[in-house]
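Heads up: the sequence lines are chains A and B, in that order. Just so we're aligned, residue 97 is where the first sequence starts under our numbering, counting upward by one. Just so we're aligned, residue 207 is where the second sequence starts under our numbering, counting upward by one. Ideal Cβ positions, reconstructed from N, Cα and C, are used throughout, including at glycine.
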Amino acid sequence: MAENKVQLSKSDRMSVCMRHQFLQGSWNYERMQNGGWCFAMIPAIKKLYSNKEDQIAALKRHMEFYNTHPYVSAPVIGVTLALEEDRANGAQVEDAAIQGVKVGMMGPLAGVGDPVFWFTLRPILGALGASLALGGSIMGPLLFFFAWNIIRIAFLWYTQEFGYKVGTSITKDLSGGLMGKITEGASILGMFIIGALVQRWVSISFTPVVSTVQQSPGAYIDWASLPAGTEGIHQALSQFAALGPTGLEVAKVTTLQANLDQLIPGLAAVGLTLLCCQLLKKKVSPIVIIIALFAVGIIARLAGIM
Amino acid sequence: MSALSIVLIAIIALLAGMEGILDEFQFHQPLVACTLIGLVTGHLQEGVMLGGSLQMIALGWANVGAAVAPDAALASVASAIIMVLALDGGTADSQTAITTSIALAVPLSVAGLFLTMICRTLAIPLVHAMDAAAEKGNFKGIEMWQILAILMQGARIAIPAVALCFVSPEIVTDALNMMPEWLSGGMAVGGGMVAAVGYAMVINMMATKEVWPFFALGFVFAAISELTLIALGVIGVSLALLYLGLKDLAKNSGGSAGTGDPLGDILNDYE
Numbered sequence: 097m098a099e100n101k102v103q104l105s106k107s108d109r110m111s112v113c114m115r116h117q118f119l120q121g122s123w124n125y126e127r128m129q130n131g132g133w134c135f136a137m138i139p140a141i142k143k144l145y146s147n148k149e150d151q152i153a154a155l156k157r158h159m160e161f162y163n164t165h166p167y168v169s170a171p172v173i174g175v176t177l178a179l180e181e182d183r184a185n186g187a188q189v190e191d192a193a194i195q196g197v198k199v200g201m202m203g204p205l206a207g208v209g210d211p212v213f214w215f216t217l218r219p220i221l222g223a224l225g226a227s228l229a230l231g232g233s234i235m236g237p238l239l240f241f242f243a244w245n246i247i248r249i250a251f252l253w254y255t256q257e258f259g260y261k262v263g264t265s266i267t268k269d270l271s272g273g274l275m276g277k278i279t280e281g282a283s284i285l286g287m288f289i290i291g292a293l294v295q296r297w298v299s300i301s302f303t304p305v306v307s308t309v310q311q312s313p314g315a316y317i318d319w320a321s322l323p324a325g326t327e328g329i330h331q332a333l334s335q336f337a338a339l340g341p342t343g344l345e346v347a348k349v350t351t352l353q354a355n356l357d358q359l360i361p362g363l364a365a366v367g368l369t370l371l372c373c374q375l376l377k378k379k380v381s382p383i384v385i386i387i388a389l390f391a392v393g394i395i396a397r398l399a400g401i402m
Numbered sequence: 207m208s209a210l211s212i213v214l215i216a217i218i219a220l221l222a223g224m225e226g227i228l229d230e231f232q233f234h235q236p237l238v239a240c241t242l243i244g245l246v247t248g249h250l251q252e253g254v255m256l257g258g259s260l261q262m263i264a265l266g267w268a269n270v271g272a273a274v275a276p277d278a279a280l281a282s283v284a285s286a287i288i289m290v291l292a293l294d295g296g297t298a299d300s301q302t303a304i305t306t307s308i309a310l311a312v313p314l315s316v317a318g319l320f321l322t323m324i325c326r327t328l329a330i331p332l333v334h335a336m337d338a339a340a341e342k343g344n345f346k347g348i349e350m351w352q353i354l355a356i357l358m359q360g361a362r363i364a365i366p367a368v369a370l371c372f373v374s375p376e377i378v379t380d381a382l383n384m385m386p387e388w389l390s391g392g393m394a395v396g397g398g399m400v401a402a403v404g405y406a407m408v409i410n411m412m413a414t415k416e417v418w419p420f421f422a423l424g425f426v427f428a429a430i431s432e433l434t435l436i437a438l439g440v441i442g443v444s445l446a447l448l449y450l451g452l453k454d455l456a457k458n459s460g461g462s463a464g465t466g467d468p469l470g471d472i473l474n475d476y477e
């Protein structure tokens, strides 16, 4: 028995890792990621079991319900590979044990994967890329695409290998310690960045004029008394540098937005965001909120307040 | 639009649709999809800008568990095609074309959401076929059904995308030019606000009493316009490490007296 041990080679594991990228392809409302999971396991099943009955049993075993975050599923498939390998070599590994490991790991891991990938890494890389792209720079999309995929592929491969090497002992570590810390750290970073994004990218600008003040002489550029030619341009520019934008006109116009910005820039944006949080908690559909915001925008524009 | 452009758009749309479910390479994210469509139609610059604007709105759209978020794939592909049509029509200026496409992206994302729910239901008979193949030990069968399921998700976007390509550019441009200022202006105002919904979705997933102060810090730091997003990221990571380190320290010294060397404790915890 010991002399002809079946083992998964590195290329078998890579082939599983490649296929694992298509985990969600047949996502369905009945057993969710089961089809994709079985699809990913096929190279390993072919290698480990040579007779038809064992192969069929293995395929059916891996068509059971499964659903987690598609990236953190990599360590789960790593552990499962280790278990299947033991089983193929004659160890007593029950079907229930394999399913138990999958189900036991998918819950807590999805709890890490969602905040880390969907709510921290993608918003950060997306915002970074988008802020470059808004200026028309091709660097924005390139940065987003390559940074994301390098991180993703490295994560898929190394955590799958990690799962395969440590085997079932990984499950002990899931509930406490490190996982909790990663989730918490990601939440802190995520909340910090979201706070910054709300300030920078939710744009609300109130246009009503609060006051129009005639400025005293010297607080504005006296266009009529400037010397002619380039000398005049020079003087105008140096006065502008000293006086700032309000120096351009005799009257100083203050909009409501300018007043709000003196308190806290972006106050309206954060108010709107918190309102959306409340509405979402009350189970209002995000789509309804989005459509309502467009309606508010059109009405506010018609009324001349935004 | 040339035949070559339409073929390339169909390929991009297929990839975007597949990624809408797989969520791996991110071809369905506006930043990537709009840029690619801009590239193959000769409007790269506008495509990149549209992608950037839509990305800001779609930052918080993520499929969590069995819940399905608004669909970024159809929103980015279809709105990019509409923008290209408007630009090809000639008279519309690029800013109006981009703004209008952004506003159209939102109803499109809802349409995409329903399409993906249909596909996810249609996938049930497909996995039953996979069960049957498993019963016979038919590896090829399982692989074929899996690939078919992925292609079905791709077709979900590719079919509407190709159909859109055959709309006459003049019609789109005329429609844009007929739009009154209050409507396009109002949609631009609305477009500035909708990003808040995405951020609110993210906040609701992560917020606990403990992490709210970090939201406030991020908000006030961002008002300092000298700080780039990368600088803000560095501050955020540092805050997270500091907080976790201090929390550990507090927990340890709560039980025992600690070693009397706080720095040493932190260093030990990192090992």
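Item	Value
Nearest to isoleucine 220(A) (by Cα), restricted to the options Gln188(A), Ser233(A), Val199(A) and Leu239(A)	Leu239(A)
Residues of its chain near tyrosine 260(A), where Cβ-Cβ distance is below 6 Å and the 5 sequence neighbours each way are ignored	Gly174, Leu177 and Ala178
Partners in chain B for arginine 127(A), counting only beta-carbon separations shorter than 8 Å	Val333
Unbroken stretches of the beta strand (DSSP E), 3 residues or longer, contained in the region 183-240 of chain A	none
Min CB distance asparagine 253(A) to chain B below 9 Å	One detail in the question is off: residue 253(A) reads as tryptophan in this sequence, not asparagine. By this cut-off, tryptophan 253(A) is not an interface position.
Spatially closest choice to alanine 153(A) from Gly318(B), Glu387(B), Ile218(B) and Ala339(B), by CA coordinates	Ala339(B)
Amino acids of chain C, ordered along the chain, whose beta-carbon sits closer than 8 Å to that of methionine 402(A)	Among the protein chains in the structure shown, which are A and B, there is no chain C.
Exposed unless 16 or more other CB atoms sit within 10 angstroms - verdict on tyrosine 162(A)	buried
Neighbour list for arginine 296(A) in chain B, Cβ cutoff strictly below 7 Å	Ala428
CB-CB length for threonine 369(A) against valine 298(A), believed under 8 Å	6 Å
Chain A contacts from the region 369-403 of chain B (Cβ-Cβ distance under 8 Å)	Trp388, Leu389, Gly391, Gly392, Met393, Ala394, Val395, Gly396, Gly397, Gly398, Met399, Val400, Ala401, Ala402 and Val403
CB contact below 9 Å: methionine 224(B) versus chain A	yes
9 Å Cβ cutoff, alanine 184(A) in contact with chain B	no
Residue from His165(A), Gly222(A) and Ile234(A) with nearest C-alpha to leucine 205(A)	His165(A)
Within chain B, partners of cysteine 372(A) - CB distance below 7 Å	Ala402, Val403 and Ala406
Spatial neighbours of leucine 228(A) in its chain, beta-carbon cut-off 8 Å, leaving aside the 5 residues before and after	Met235, Gly236 and Leu239
Spatial distance of phenylalanine 336(A) from serine 321(A) (CA atoms)	15 Å
Counterpart residues of tyrosine 162(A) in DSSP-defined beta bridges	Met128(A)
As assigned by DSSP and simplified to three states, the class of alanine 391(A)	helix
C-beta contact flag for leucine 435(B) and leucine 224(A) at 9 Å	yes
When Phe288(A), Pro304(A) and Gly314(A) are compared against proline 419(B), the one with the closest alpha-carbon	Phe288(A)
Alpha helix (DSSP H) segment containing valine 238(B), residue limits	236-247
Residues, ordered as in the chain, of the region 319-330 of chain B that lie near chain A by beta-carbon distance below 7 Å	Arg326, Thr327, Ala329 and Ile330
According to DSSP, residues forming a beta bridge with valine 309(A)	Lys348(A)
Proximal chain B residues relative to phenylalanine 258(A), where beta-carbon distance stays under 8 Å	In chain order: nothing, as chain B lies at least about 18 Å away.
Span separating the alpha-carbon of alanine 329(B) from that of alanine 364(B)	18 Å
Contact the region 211-219 of chain B vs the region 99-116 of chain A: 3+ CB pairs below 8 Å	no
Contact under 9 Å by Cβ, isoleucine 360(A) with alanine 309(B)	no
Where the alpha helix (DSSP H) through lysine 415(B) begins and ends	No alpha helix (DSSP H) contains lysine 415(B), which DSSP labels as neither H nor E.
Limits of the alpha helix (DSSP H) - the one that glutamine 151(A) falls within	148-157
Interface positions of the region 287-316 of chain B facing chain A (Cβ-Cβ less than 7 Å), listed along the chain	Ala309, Val312 and Val316
Contact under 9 Å by Cβ, isoleucine 287(B) with serine 259(B)	no
Coil, strand or helix - serine 444(B) by DSSP	helix
Aspartate 108(A) at chain B interface by Cβ criterion, 9 Å	no
Interface residues of chain A facing asparagine 410(B) [CB-CB closer than 8 Å]	Cys373, Leu376 and Lys377
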